[in-house]
Amino acid sequence: MSNLPPEALAFFAQTGLPGTPRGYDGFGDSPELMDELLELVLHGPKRATCALARWYENDPDGLPKPGDLWVIHDGAKRPRAVIRTTSVEVKPVREADAQFAWDEGEGDRSFDWWLDAHEAYWRREAARHGFTYSRDLDAVFERFELVWPVSG
Numbered sequence: 032m033s034n035l036p037p038e039a040l041a042f043f044a045q046t047g048l049p050g051t052p053r054g055y056d057g058f059g060d061s062p063e064l065m066d067e068l069l070e071l072v073l074h075g076p077k078r079a080t081c082a083l084a085r086w087y088e089n090d091p092d093g094l095p096k097p098g099d100l101w102v103i104h105d106g107a108k109r110p111r112a113v114i115r116t117t118s119v120e121v122k123p124v125r126e127a128d129a130q131f132a133w134d135e136g137e138g139d140r141s142f143d144w145w146l147d148a149h150e151a152y153w154r155r156e157a158a159r160h161g162f163t164y165s166r167d168l169d170a171v172f173e174r175f176e177l178v179w180p181v182s183g
């Protein structure tokens, strides 16, 4: 894809995986949070992520789809992993559930922790981008698998 930085394409080529990555991204909105969440992907239980659907409205590729490959970077924007989307569900934030919170693998993995952390993140996004956060906003609940580096 032309919107990927050269280092993402080079990294993807080094993995030996077939195909083309859909995107180049990090989890979180600060270098520290990106590093923390990347570690949960690489060495821990993080196998899901959730973003507000509004971020895909102008994406020429639309919503994520099962099979999409993503190069994930750390807080310094260095590529570190490749994940593959396994499922996607779009629904209002208010319909989030405890199983999804557990699958995200963050904090104590409880629904209350997940909701508090995500609402704080989405309120920061809303303040930066000039919209009002609400639990009625649609969110993209995405599950994924780590495909590189191969764990084991």
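Position in the sequence shown (from 1) plus 31 gives the number in my numbering. Glycine is no exception: its CB is placed at the ideal position from the N, C-alpha and C atoms. A quick note: this is a predicted structure, and the numbers were derived from the prediction, not measured.
| task | Take E156 as the anchor and find which of G50, L83, T51, V171 has the nearest alpha-carbon. | result | As a position in the sequence shown, residue 156 is number 125, starting the count at 1. Nearest Cα to E156 within the set G50, L83, T51, V171: L83.
| query | Are the segment 75-90 and the segment 159-174 touching by the rule of at least three beta carbon pairs closer than 8 Å? | reply | A contact exists between the segment 75-90 and the segment 159-174.
| task | Could you check what DSSP says for M32 in three-state terms: helix, strand or coil? | result | For this step, residue 32 is matched to residue 1 along the sequence shown. Residue placement at M32 is poorly supported in this model, since its pLDDT is 41, which falls under 50; the coordinates still yield a value, given next. In the structure shown, M32 sits in coil (DSSP, three-state: anything other than H, G, I, E or B).
| message | Just checking G75 against the ligand SAH - is the residue's beta carbon closer than 8 Å to any of the ligand's heavy atoms? | response | This structure lacks the ligand SAH, and indeed carries no ligand of any kind.
| Within this structure, are the beta carbons of V121 and L94 separated by less than 9 Å? | Along the sequence shown, one-based indexing puts residue 121 at 90. Along the sequence shown, one-based indexing puts residue 94 at 63. Cβ distance < 9 Å, so V121 and L94 count as in contact.
| request: Please look up how many angstroms separate the CB atoms of R78 and E150, rounded, as I've assumed it's under 8 Å. | output: Reading the sequence shown from its first residue, position 47 is the one you call residue 78. Reading the sequence shown from its first residue, position 119 is the one you call residue 150. Actually they do not touch by this definition, with Cβ atoms about 21 Å apart.
| task | Measure the C-alpha to C-alpha separation of E137 and L35 and round it to an integer number of angstroms. | result | On the sequence shown, residue 137 is found 106 positions in, with the first residue counted as 1. On the sequence shown, residue 35 is found 4 positions in, with the first residue counted as 1. Going from the Cα of E137 to the Cα of L35 covers about 27 Å.
| Is it right to say R111 is buried, meaning 16 or more other beta carbons lie within 10 angstroms of its own, or is it exposed? | Numbered from 1 along the sequence shown, position 80 holds the residue referred to as residue 111. By the neighbour-count rule (16 or more Cβ atoms within 10 Å), R111 is buried.
| request: May I ask you to report which of helix, strand or coil DSSP gives E67? | output: Counting from one through the sequence shown, the residue named residue 67 turns up at place 36. In the structure shown, E67 sits in a helix (DSSP, three-state: H, G or I).
| message | Cutting at 7 Å between CB atoms, please list the residues of its own chain near F42, excluding the five before and the five after it. | response | Residue 42 sits at position 11 when you count from the first residue of the sequence shown. Excluding positions up to five away in sequence, the list reads V102, P110.
| message | Can you tell me whether T116 is buried or exposed? The criterion is at least 16 other CB atoms within 10 Å of its CB, across all chains shown. | response | For this step, residue 116 is matched to residue 85 along the sequence shown. When all chains shown are included, T116 counts as buried.
| query | When burial is assigned at 16 or more other CB atoms within 10 Å of the CB, is V181 buried or exposed? | reply | Along the sequence shown, one-based indexing puts residue 181 at 150. Its Cβ having fewer than 16 others within 10 Å, V181 is exposed.
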